[in-house]
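**Q** Offset between the sequence shown (1-based) and the numbering used here: plus 178.
Heads up, the beta-carbon is just placed ideally off N, CA and C, and yes, glycines get one too.
Small disclaimer: the values here were computed from a predicted structure and weren't measured.
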Amino acid sequence: MAPNKKQRSWSIIDTVSRFKSKIGRYFSWKFAKSLLVDPRQFPVVAVALFIAEIIVNILVIQNVKYTEIDWIAYMQEVEGVVNGTLDYSKLKGDTGPLVYPGGFVYFFGALYYITDHGTNVRLAQYIFAGFYLMLLGLVFVIYNKTKKVPPYAVLIACCTSYRIHSIFVLRMFNDGISVLLLYIALNLFLENRWNLGSIAFSLAVSVKMNILLYAPALLVSYYYSLGVKGTVVQLLICGSIQLIVGLPFLITNPIAYVKGSFDIGRIFLYQWTVNWRFLPETIFISRYFHAALLVLHLLLIVIFLSSWKTYLRSFSTLKTIENDVKPQLKKKKEHLSMSTSSQLFILPLFTCNFIGVACSRSLHYQFYVWYFHSLPYLLWSTPYSDTWKLIIMGVIELCWNTFPSSVLSSGALHISHIAIIYGLYKAKYKKM
Numbered sequence: 179m180a181p182n183k184k185q186r187s188w189s190i191i192d193t194v195s196r197f198k199s200k201i202g203r204y205f206s207w208k209f210a211k212s213l214l215v216d217p218r219q220f221p222v223v224a225v226a227l228f229i230a231e232i233i234v235n236i237l238v239i240q241n242v243k244y245t246e247i248d249w250i251a252y253m254q255e256v257e258g259v260v261n262g263t264l265d266y267s268k269l270k271g272d273t274g275p276l277v278y279p280g281g282f283v284y285f286f287g288a289l290y291y292i293t294d295h296g297t298n299v300r301l302a303q304y305i306f307a308g309f310y311l312m313l314l315g316l317v318f319v320i321y322n323k324t325k326k327v328p329p330y331a332v333l334i335a336c337c338t339s340y341r342i343h344s345i346f347v348l349r350m351f352n353d354g355i356s357v358l359l360l361y362i363a364l365n366l367f368l369e370n371r372w373n374l375g376s377i378a379f380s381l382a383v384s385v386k387m388n389i390l391l392y393a394p395a396l397l398v399s400y401y402y403s404l405g406v407k408g409t410v411v412q413l414l415i416c417g418s419i420q421l422i423v424g425l426p427f428l429i430t431n432p433i434a435y436v437k438g439s440f441d442i443g444r445i446f447l448y449q450w451t452v453n454w455r456f457l458p459e460t461i462f463i464s465r466y467f468h469a470a471l472l473v474l475h476l477l478l479i480v481i482f483l484s485s486w487k488t489y490l491r492s493f494s495t496l497k498t499i500e501n502d503v504k505p506q507l508k509k510k511k512e513h514l515s516m517s518t519s520s521q522l523f524i525l526p527l528f529t530c531n532f533i534g535v536a537c538s539r540s541l542h543y544q545f546y547v548w549y550f551h552s553l554p555y556l557l558w559s560t561p562y563s564d565t566w567k568l569i570i571m572g573v574i575e576l577c578w579n580t581f582p583s584s585v586l587s588s589g590a591l592h593i594s595h596i597a598i599i600y601g602l603y604k605a606k607y608k609k610m
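1. Taking only runs that begin and end inside the stretch 531 to 594, name each unbroken alpha helix (DSSP H) of 4 or more residues, in chain order.
2. Taking only heavy atoms of the ligand NAD into account, decide whether any of them is closer than 7 Å to the Cβ of tryptophan 372.
3. Please tell me whether isoleucine 598 and phenylalanine 550 are closer than 8 Å, where the distance is taken between their beta carbons.
4. Report the residue from Asn322, Leu374 and Tyr402 whose alpha carbon sits nearest the alpha carbon of leucine 414.
5. For proline 561, is the classification buried or exposed, using 16 other Cβ atoms within 10 angstroms of its Cβ as the cut-off for buried?
6. Got a sec? Which residues, its chain only, sit under 7 Å from isoleucine 377 by beta carbon, not counting five neighbours each side?
7. Can you tell me whether cysteine 337 is buried or exposed? The criterion is at least 16 other CB atoms within 10 Å of its CB, across all chains shown.
8. For proline 657, write down the residues that DSSP places opposite it in a beta bridge.
9. Given a cut-off of 8 Å, decide if glutamine 412 and leucine 404 are closer than it, judged by their beta-carbon atoms.
10. Quick one, are the C-beta atoms of serine 356 and isoleucine 320 less than 8 Å apart?
11. Who are the Cβ neighbours of tryptophan 372 in its own chain at under 8 Å, not counting the five residues just before and after it?
12. Give the DSSP-derived three-state secondary structure of glycine 281 in the structure shown.
13. My output table needs one value for arginine 455: the three-state DSSP class, helix, strand or coil.
14. For threonine 324, which option in Leu525, Pro275, Ile574 and Asp564 has the closest C-alpha, if you only look at C-alpha atoms?
15. Starting from the C-beta of serine 538, find all residues in its chain whose C-beta is less than 8 Å away, skip the five residues before and the five after it, and write them out in chain order.
16. I'd like to check one pair, asparagine 352 with lysine 386: are the Cβ atoms closer than 8 Å?
17. On the three-pair Cβ rule with 8 Å, is the stretch 260 to 271 touching the stretch 433 to 445?
18. Would you please state the rounded distance, in angstroms, between the beta carbons of phenylalanine 220 and proline 329? I believe it to be under 8 Å.
19. For glutamine 521, count neighbouring C-beta atoms within 10 Å of its own C-beta (all shown protein chains included) and say buried if the count is 16 or more, exposed if not.
20. Could you tell me whether the Cβ atoms of alanine 382 and phenylalanine 346 are closer together than 8 Å?
21. Could you pull the start and end residues of the alpha helix (DSSP H) that glycine 408 belongs to?
22. Can you tell me whether arginine 349 is buried or exposed? The criterion is at least 16 other CB atoms within 10 Å of its CB, across all chains shown.
23. Thinking C-beta only, is histidine 468 closer than 8 Å to glycine 160?
24. Select from Arg491, Asp248, Ile292 and Ser587 the residue whose C-alpha is nearest the C-alpha of aspartate 272.
25. Does the Cβ of glutamine 449 have 16 or more other Cβ atoms within 10 Å, making it buried, or fewer, making it exposed?
26. With H, G and I counted as helix, E and B as strand and the rest as coil, what does DSSP make of glutamate 246?
27. Report the three-state DSSP secondary structure of methionine 610 (helix, strand or coil).
28. Please look up how many angstroms separate the CB atoms of serine 540 and leucine 602, rounded, as I've assumed it's under 8 Å.
29. State the CB to CB distance for the pair arginine 455 and serine 594, rounded to an integer number of angstroms; the pair is presumed to be in contact (CB under 8 Å).
In structure tokens:
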């Protein structure tokens with residue numbers, strides 16, 4: 179029986195009413211608040227922030243003067259290789275000898291050709307803006323998977339960091355590329371794509387070896403997720419990549435290559451230190467001081483190792499369960515949130531890297547990108563109040579933006595690092 183006019187009228191009114199109710203929900207204070215504080219709403223904020231970052235990067239490139247620090251030196255170093263010099267002892271630029279592994283040569287060699295031998299700096303800036311946006315997207319994927327951090331924390335971090343934008347689009351340091359490859363690896367590991375993840379991780383190391391700061395926790399992850407045999411396979415993959423990348427240089431002068439690109443004993447310049455300005459230069463360059471920092475680094479790894487084992491063992495178990503139930507859920511078109519498993523993997527990796535950064539012999543301004551994107555996650559893994567978390571994050575940002583560094587800024591940076599490590603230690607046996 180066809181509906182009469184009155185029934186049709188009521189049906190239209192009901193549809194309009196439901197539509198208005200649904201639209202009204204998105205314009206309510208409750209929904210606006212959830213966008214800022216509910217990690218489940220992070221994708222909405224991430225899309226808006228990503229679009230804003232595209233605009234910001236364009237504005238920075240067009241309106242802020244480019245600062246020459248290492249770009250010309252990078253181009254000079256790879257130009258030597260382009261011209262046929264494969265002996266690392268003979269490769270140098272204005273800032274000194276080439277001190278990065280072979281991956282650096284290939285990545286910046288490609289940029290050398292793309293940017294007309296490095297002369298088209300504006301094009302290089304836009305390429306690095308692309309790298310920055312790729313990194314941001316990968317970071318957002320991890321934060322969305324873990325659902326640990328409220329969106330407003332990531333929003334504040336991204337919107338207030340002048341230094342990170344500068345590292346990418348105004349100075350074009352190789353640190354950005356190594357960290358980009360690292361986050362590719364982390365995302366692959368979370369998807370159980372271990373072989374590809376190890377390739378990406380090793381490529382990151384081949385651009386700059388600071389990525390090795392993640393290695394202790396990653397090794398534990400290999401063991402609990404893949405067993406002894408699987409761990410050996412992954413180590414062989416990582417080693418093979420290093421061998422392939424460095425082969426032309428190893429054949430020519432193996433000692434010069436290893437000594438030049440993996441020199442862990444290199445002395446940093448005191449004038450650029452961000453974290454040890456309150457020490458006299460004699461102590462800063464002392465081998466005993468460096469040895470003490472190494473001992474502290476290893477001691478902190480040992481202290482946190484038991485919790486990393488627990489987390490990564492649990493990660494492996496949950497991933498096995500996830501793989502078992504995923505086909506059934508796919509048939510029923512249902513979704514199972516596995517944010518806990520992602521948290522179990524990411525926290526040990528981020529913590530391991532943070533400990534290494536905190537115990538570094540020296541931190542230069544571009545090194546901020548080594549741990550910047552993990553700071554909100556680490557802080558929201560501590561038991562501190564949200565206010566204190568934001569204060570610590572703000573102090574760290576101020577320290578990295580103080581140029582030249584001062585006794586106060588260096589001291590405040592160490593206090594902030596200690597506060598985070600202590601907070602993570604307090605929380606390590608608590609429920610995540």
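**A** Walking through what the data contain:
1. 553 to 557 and 564 to 578
2. Only the bare structure without any ligand can be found here, which leaves the ligand NAD out of the picture.
3. Looking up residue 598 in the sequence shown gives position 420. Looking up residue 550 in the sequence shown gives position 372. For isoleucine 598 and phenylalanine 550, no; Cβs fall outside 8 Å.
4. As a working note, residue 414 is residue 236 in the sequence shown. Ranking Asn322, Leu374 and Tyr402 by Cα distance to leucine 414 puts Leu374 first.
5. As a position in the sequence shown, residue 561 is number 383, starting the count at 1. Exposed.
6. Along the sequence shown, read from residue 1 onward, the residue named residue 377 stands at position 199. The residues are Ile415 and Ile419.
7. Taking the sequence shown and counting its residues from 1, the one referred to as residue 337 is at position 159. Exposed, since its Cβ has fewer than 16 Cβ neighbours within 10 Å.
8. The chain is shown only over 179 to 610; residue 657 falls outside these bounds and no answer can be derived.
9. Residue 404 sits at position 226 when you count from the first residue of the sequence shown. Residue 412 sits at position 234 when you count from the first residue of the sequence shown. In contact: leucine 404 and glutamine 412 (Cβ atoms closer than 8 Å).
10. For the purposes of this step, residue 356 is identified with residue 178 of the sequence shown, where counting begins at 1. For the purposes of this step, residue 320 is identified with residue 142 of the sequence shown, where counting begins at 1. No, these two residues do not count as a Cβ contact at 8 Å.
11. Stepping through the sequence shown from its first residue, residue 372 is reached at position 194. Within the same chain, Cβ atoms closer than 8 Å to the Cβ of tryptophan 372 are found at Leu366, Tyr400, Ser403, Leu404, Gly408 and Gln412, the five residues on either side in sequence being excluded.
12. Counting from 1 along the sequence shown, the entry for residue 281 is found at position 103. In this structure, glycine 281 counts as helix in the three-state DSSP scheme.
13. Locating residue 455 in the sequence shown gives position 277, where the first residue counts as 1. Coil, per DSSP.
14. Indexing the sequence shown from 1 puts residue 324 at position 146. Answer by Cα proximity: Leu525.
15. Looking up residue 538 in the sequence shown gives position 360. The residues are Asn453, Leu471 and Phe545.
16. One-based indexing of the sequence shown puts residue 386 at position 208. One-based indexing of the sequence shown puts residue 352 at position 174. Going by C-beta atoms, lysine 386 is nearer than 8 Å to asparagine 352.
17. yes
18. Looking up residue 220 in the sequence shown gives position 42. Looking up residue 329 in the sequence shown gives position 151. About 5 Å; that satisfies the 8 Å criterion.
19. For this step, residue 521 is matched to residue 343 along the sequence shown. Per the 10 Å Cβ criterion, buried.
20. Reading the sequence shown from its first residue, position 204 is the one you call residue 382. Reading the sequence shown from its first residue, position 168 is the one you call residue 346. Cβ atoms of alanine 382 and phenylalanine 346: not closer than 8 Å.
21. The count along the sequence shown starts at 1 and reaches residue 408 at position 230. Residues 393 to 430.
22. Counting from one through the sequence shown, the residue named residue 349 turns up at place 171. The residue in question, arginine 349, is buried, as its Cβ has 16 or more Cβ neighbours within 10 Å.
23. Residue 160 lies beyond the stretch modelled for the chain, which goes from 179 to 610, so this question has no answer here.
24. Position 94 of the sequence shown, counted from the first residue, corresponds to residue 272. Taking only the C-alpha atoms, the option nearest aspartate 272 is Asp248.
25. The residue you call residue 449 lines up with position 271 of the sequence shown. Burial check for glutamine 449: the Cβ neighbour count within 10 Å stays below 16, so the residue is exposed.
26. Residue 246 sits at position 68 when you count from the first residue of the sequence shown. In the three-state reduction of the DSSP assignment, glutamate 246 falls in the coil class.
27. Mapped onto the sequence shown, residue 610 falls at position 432. Low confidence applies to methionine 610: its pLDDT is 46, below 50, so where it sits in the model is not reliable, and the reading given next is rough at best. It is coil, neither helix nor strand.
28. Sequence index remark: in the sequence shown, residue 540 carries index 362 (1-based). Sequence index remark: in the sequence shown, residue 602 carries index 424 (1-based). With 8 Å as the limit, serine 540 and leucine 602 do not qualify as a contact, their Cβ atoms being about 23 Å apart.
29. Taking the first residue of the sequence shown as 1, we reach residue 455 at position 277. Taking the first residue of the sequence shown as 1, we reach residue 594 at position 416. About 15 Å; that fails the 8 Å criterion.
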